[in-house]
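Contents: one structure, followed by commentary.
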Amino acid sequence: MTSPKVDVHELIAWGLDEYSYRDGAAGFDSTELAARIRRANTRLAERDRYATTNALLEQETRDIQPLLAMATQREDLHLEYQSLDWTLGVVDLRLLLAFQRRLIFSPSRQASFTPKQGDWPGLISLAVSSQRSTEHLLVHNGSDTDRLDISLHSNNPDLQLRFTPKTSGCGALPLSLYGGSPFFEVAELRGRWFLRDGYHRAYHLLQAGVDRIPAVVIYARSIEELGATTPWFFHDEQLFSDRPPRVTDFLDSSMILRYERTALRKVIRIRVEESLEPFDEIQEGQGERL
59 MTSPKVDVHE
69 LIAWGLDEYS
79 YRDGAAGFDS
89 TELAARIRRA
99 NTRLAERDRY
109 ATTNALLEQE
119 TRDIQPLLAM
129 ATQREDLHLE
139 YQSLDWTLGV
149 VDLRLLLAFQ
159 RRLIFSPSRQ
169 ASFTPKQGDW
179 PGLISLAVSS
189 QRSTEHLLVH
199 NGSDTDRLDI
209 SLHSNNPDLQ
219 LRFTPKTSGC
229 GALPLSLYGG
239 SPFFEVAELR
249 GRWFLRDGYH
259 RAYHLLQAGV
269 DRIPAVVIYA
279 RSIEELGATT
289 PWFFHDEQLF
299 SDRPPRVTDF
309 LDSSMILRYE
319 RTALRKVIRI
329 RVEESLEPFD
339 EIQEGQGERL
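As structure tokens, this is what we get:
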């Protein structure tokens, strides 16, 4: 059985990271890759140096304030950003920087409906959408009596198992599945504006000619609050350079490398083991009785 494939769009003008799937992709050799990188570097060098610009559109934000105020009342919105300095506002996608190196597209997944520019109710619905899917395949062993191995397989790479005390009671464990933030997020850090979450939505919106979109606007105090902390994202030296990567660069064929790789799935493994152990007052004091 042939493994499903996905399309990768990778920004290449800011150096390459270690990524085995790129190295093993068919369709180009090292000479061609080097030539494409040189072309991307040449195009980047032709760009003006970055100038600080406010991506938050004050007039549009005021114009739709009643709609934004209604969306702000959502409880899940406050839970998601309870430790952050945030608000809702309208932003210009063309002014946002990108810390993601790659976008992954599944040919089998149909693009969602894209509202037109000026359809503010539709754009708010797209930006402040409902919860992301937690659909998964559960695999478990049924042989051992003193041990249980469980695996959750999902197409959602952001699926997580979270501790949620409110779900406890009646024998239920205080755990729940979380599909990742469903919100379109923009963050400001050190005077620069970044797309924090919603890269695929931004890509399709820009393709459709929509560049003004409501978003959760976060005033980040650190690179950790920005979210650009994993090894496969761009680092400070690229993000705060004279010519940083932009979200619009994903739509410029001269700035990206396109190739296929095998589709990946998110796997969460849980092992439950039973034992009898001496009573430990310190551990008991640190726990939470349910």
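Residue numbers (my numbering): 59 to 348.
Built from N, CA and C at the ideal position, the CB exists for glycine as well.
Model, not experiment: these values are computed from the prediction.
Ile-95 has no beta-bridge partner at all, per DSSP. Nearest to Phe-298 by C-alpha distance, out of Ala-156, Tyr-257, Thr-130 and Gln-140, is Ala-156.
In the DSSP assignment, His-136 falls within the unbroken alpha helix (DSSP H) covering 133–138.
When Cβ pairs closer than 8 angstroms are counted between the two stretches, the stretch 208–219 is seen not to touch the stretch 172–182, the count staying below three.
The alpha carbon of Ser-170 has as its nearest neighbour, out of Gln-265, Gly-73 and Ala-273, the alpha carbon of Gln-265. Taking the Cα positions, Tyr-261 is about 18 angstroms away from Gly-176. In the three-state reduction of the DSSP assignment, Ser-311 falls in the coil class, being assigned neither a helical nor a strand state.
Using a 10 angstroms sphere on the CB of Asp-87, the tally of other CB atoms stays under 16, which defines it as exposed.
For Arg-132, the number of other beta carbons within 10 angstroms of its own is below 16, and it is reported as exposed. Beta-bridge partners assigned by DSSP to Trp-144: Ile-276. In the DSSP assignment, Leu-126 falls within the unbroken alpha helix (DSSP H) covering 123–130.
If you draw a straight line from the Cα of Ser-311 to the Cα of Val-305, it comes to about 13 angstroms. Restricting attention to Pro-62, Asp-134 and Arg-152, the CA atom closest to the CA of Arg-250 is found in Arg-152. Assigned with DSSP and collapsed to three states, Asp-255 falls in strand. Within a 10 Å sphere around the beta-carbon of Val-149 sit 16 or more other beta-carbons, which makes this residue buried. Within the same chain, Cβ atoms closer than 8 angstroms to the Cβ of Arg-107 are found at Asp-300 and Arg-301, the five residues on either side in sequence being excluded. In the DSSP annotation of this structure, the continuous segment of the beta strand (DSSP E) that includes Arg-205 starts and ends at 205–212.
Exclusion of the five residues before and after Asn-199 leaves Asp-207 as the residues of its chain whose Cβ lies within less than 6 angstroms of its Cβ.
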